[in-house]
Amino acid sequence: MKGYNVAVVGATGAVGQTMIKILQERSFPVKKILPLASARSNGHTVDFMGERITVEEAVPAAFEGIDIALFSAGQDVSLNLAPEAVKRGAVVIDNSNAFRMDAKVPLVVPEVNPQDIHRHRGIIANPNCSTIQMVVVLKPIHDRARIKRVVVSTYQAVSGTGLDAIEELKLQTAQLLNGGSPEGRVYPHPIAFNVLPHIDLFDDTGYSKEEWKMIRETKKIMGDENIKVTATTVRVPVINGHSEAVNVETVEKLTAEEARSILAKAPGVKVADDPQNKVYPLPASVSGKNDVFVGRIREDFSIPCGLNMWIVADNLRKGAAYNAIQIAEYMVQNSLI
Ligand code: NAP
Ligand code: 12T
């Protein structure tokens, strides 16, 4: 089988490390792996297929001979280096917010809109973590009953922000248990034993950028500007695994039983829905898994055609690294690379 030269930009970070793990788990056809990061990581190594590989600095010349570049080092790095990688013949799968709403750039969740991959011009964008896990569940419902409106509240883990934020939650938890009063460094307020209705920056609408990402990206991925979406995005003191309470209004009536049966057959979805027996998705149980989990599926009796659901996924996997590698796998399977 053909092998590919794969660069991972941000290889020392929370998402980059997960990418390297998943490439191995799935036996992706890697000929050469090139871990890239900032100059701060000079001398660091990563393990790949039993070999110790030195991390190199992400500079334009590093992309010479690279077939696939998986970017996860923030928006500025993507804006600077993704065009350099494309110029040198690589296909870029970008995890940042840099290109997601660019009309020329496909924004892809393989269970929802894999066909959009075909129109790429070098860069394919990976959506925001909270959007990805939601649309995997919305798509089969939309196909059957046409979604009019979505109201979502998120409960997002600190791993979505990166390794510094994971350390901050652990440190603050220890400090509070020992009678201290920690101050926020990564976040504007302490996150331990707290809940922050604040993810990314606010604009003058009163919404956060994270909320706007969920609204705009959902329409683009689903290919339907008529779906109304509103969101409240919230950080909770969970290490890994984003949860979402999602209310959906449809044109056609769906009972909870029908929704459960549609979702049980949907790609990338696992139904965990038996609340009487304490079965519902939890971040602690889905962390480390690639699928999106849904439970608490029930009718919204306040309107004629409404459903409530609880959707949980590993934000570093389906929300970032796994989704990106699924896109790469699709390209390999369809001879697009
Ligand atoms: P992280 O744990 O803080 O890691 C950041 C990574 O970026 C590190 O490898 C870091 O390298 C590298 N980096 C930072 N500045 C750089 C520079 N100037 N040049 C080269 N490399 C640089 O963060 P993370 O959670 O992995 O997230 C990284 C990015 O991925 C985020 O900023 C975001 O854009 C994206 N992301 C997307 C999603 C999604 O929703 N799909 C989810 C999470 C993250 P050093 O170790 O050398 O500093
Ligand atoms: N601020 O990919 O902090 O746009 O959890 C992902 C995660 C931005 C993004 C987070 C963020 C993104 C976070």
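All letters in the sequence shown, in the order written, are residues 1219 to 1555 by my numbering. Think of the CB as a built atom: it goes at the ideal place given N, C-alpha and C, for glycine as much as any other residue.
Is it the case that the stretch 1291-1298 contacts the stretch 1264-1272, given that we only count it when at least three CB pairs across the two stretches are under 8 Å? no
Any residue whose CB is nearer than 7 Å to a heavy atom belonging to the ligand ADP, listed in chain order: This structure lacks the ligand ADP; its bound ligands are the ligand NAP and the ligand 12T.
From which residue to which residue does the alpha helix (DSSP H) around Glu1243 run? That run of the alpha helix (DSSP H) goes Ala1232 to Glu1243.
Between which two residues does the beta strand (DSSP E) harbouring His1460 extend? His1460 to Thr1468
Do Asn1346 and Glu1443 come within 8 Å of each other at the CB atom, strictly closer than that value? no
By DSSP, does Gln1348 sit in helix, in strand, or in coil? Going by the sequence as given, residue 1348 is Ser instead of Gln. It is helical.
Look at the alpha carbon of Asn1260 and the alpha carbon of Pro1253, and state the distance between them as a whole number of angstroms. 11 Å
Does the beta-carbon of Ala1482 have 16 or more other beta-carbons within 10 angstroms, so that it is buried, or is it exposed? The residue is exposed, with fewer than 16 neighbouring Cβ atoms inside 10 Å.
Should Gly1201 go down as buried or exposed, given a rule of 16 or more other Cβ atoms within 10 Å for buried? The chain is shown only over 1219 to 1555; residue 1201 falls outside these bounds and no answer can be derived.
Given 7 Å as the limit, tell me if Ala1531 has its C-beta closer than that to any heavy atom belonging to the ligand NAP. Result no, Cβ not under 7 Å from the ligand NAP.
Let me know if Arg1535 comes out buried or exposed under the rule of 16 or more other beta-carbons within 10 Å of its beta-carbon. buried
Closer than 7 Å: Leu1525 CB and nearest the ligand NAP heavy atom: no
DSSP three-state label for Asn1313, please. Reduced to three states, the DSSP call for Asn1313 is coil.
Rounded to whole angstroms, what is the Cα-Cα separation between Met1352 and Gln1374? 13 Å
Looking at the ligand NAP, does it come within less than 7 Å of Asn1344, judged from the CB to the closest heavy atom? yes
With burial defined as no fewer than 16 other Cβ atoms inside 10 Å of the residue's Cβ, what is the status of Val1413: buried or exposed? exposed
Between which two residues does the beta strand (DSSP E) containing Ala1225 stretch? Tyr1222 to Val1227
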